[in-house]
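Take -1 as the starting number for the sequence shown in my numbering and just add one per residue. What follows is a set of notes on a single structure, which appears directly below.
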Amino acid sequence: MTQDEMKKTAAIKALEFIEDDTIVGVGTGSTVNHFIDALASKKNDITGAVSSSEESTKRLKALDIEVFDLNGVNEISVYVDGADEITEHMHMIKGGGAALTREKIVAAVAKSFVCICDESKQVPMLGKFPLPVEVIPMARSYVARELVKLGGDPVYRQGVVTDNGNVILDVHNLDIIDPKRLESDINAIVGVVTNGLFAHRGADVLILGTPEGAKVVK
C-alpha cells in the first residue's frame, strides 16, 4: 500500500465520526483532500461544512457541499484535519500547507478533533518537522531573532503568503520536550499570529492509515 493509499484509508474511516444534520469542520492538505472527496457521499446527510482554507473551500463547493462562515455557526461537532507530526499524547505540528491559523481557530470551536494521517506522521517527540509560525510581515525579522533565543533556526518560507495575508517562518532544529509551554512562549512574541503547535488543543481521535488498514487511536 502506498503512502497516498494509506492517507485515503484514514480519510474514509473518518466518515464514521460524521453525524447527520451537522456542520463538519474541514481542514487542509493532501489527506484532507481524500476526506473531502469521501464526504461528497454524505453531502445530503450533513448540513454543510466550515473550511480552514480557500483551497478546501473551493474543493468543497466543487462537490456541491455548502460552506458556512464560521462567524455564523454556533457549533461544530467534529473537525477533521491532518498533521505533519503527532505524538501518542495527541500533540501535533501542523502548518505545512500554511493554513495553521484558520485550522487552529476551527479546531477551537469543534467539540471533537479527528486527526487523519498515514502512520509515518506518528513520532515519539515533535520537532523533526520544522515548526511553522505565521507572522505579521513587518515583524518577520524581529520574530526570527526571538525564535533563535528559544533555540530554533527560523527560515523564511519564500513566496508563501497565507490566506490571512501573512508570512511563514519555519523553525528548524527544535527538540520540543514541552509542547504546551513552547506553544505559549512563541505565541507571546509580538508579531506572531500563531504557531503550528497544537498542544493546548490537541486531537481527540487519531486515525492512522497503515498497510493493514485504518487504525483508530483514542
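Even glycine gets a Cβ: it sits at the ideal position worked out from N, Cα and C. Owing to the predicted nature of the structure, the values given are computational and were not obtained by experimental measurement.
The three-state secondary structure of I184, taken from DSSP, is helix.
In the three-state DSSP reduction, P152 falls in the strand class (E or B). Excluding its 5 nearest sequence neighbours in each direction, S110 has C-beta neighbours in its own chain below 6 Å: V76 and D202, listed in chain order. In the DSSP assignment, S110 forms a beta bridge with V76. Annotation: the continuous alpha helix (DSSP H) that includes I34 extends over S28 to L37. Assigned with DSSP and collapsed to three states, P122 falls in coil, not helix or strand. Within the same chain, G25, T26, S50, D79 and K92 come within 7 Å of E101 by CB-CB distance, once the 5 residues on both sides are set aside. With 16 or more other CB atoms across the displayed protein chains lying within 10 angstroms of its CB, R57 is buried. If the five residues before and after L204 are omitted, its C-beta is found closer than 7 Å to the C-beta atoms of I84, M88, C113 and V215, all from its own chain and listed in chain order. Excluding its 5 nearest sequence neighbours in each direction, G211 has C-beta neighbours in its own chain below 7 Å: T7, listed in chain order. Residue environment analysis places H170 among the exposed positions, since fewer than 16 neighbouring C-beta atoms fall within 10 angstroms of its C-beta. For S49, the uninterrupted beta strand (DSSP E) run begins and ends at G46 to S49, by DSSP. Between the segment 114 to 134 and the segment 156 to 169, the count of Cβ pairs shorter than 8 Å is three or higher; the stretches touch.
A direct Cα-to-Cα measurement between G95 and V191 gives close to 16 Å.
The Cβ atoms of E53 and A97 sit closer than 9 Å to each other.
Going by beta carbons, A47 and G23 fall inside the 9 Å limit. In this structure, the straight-line span from the alpha carbon of K178 to that of M123 is close to 13 Å.
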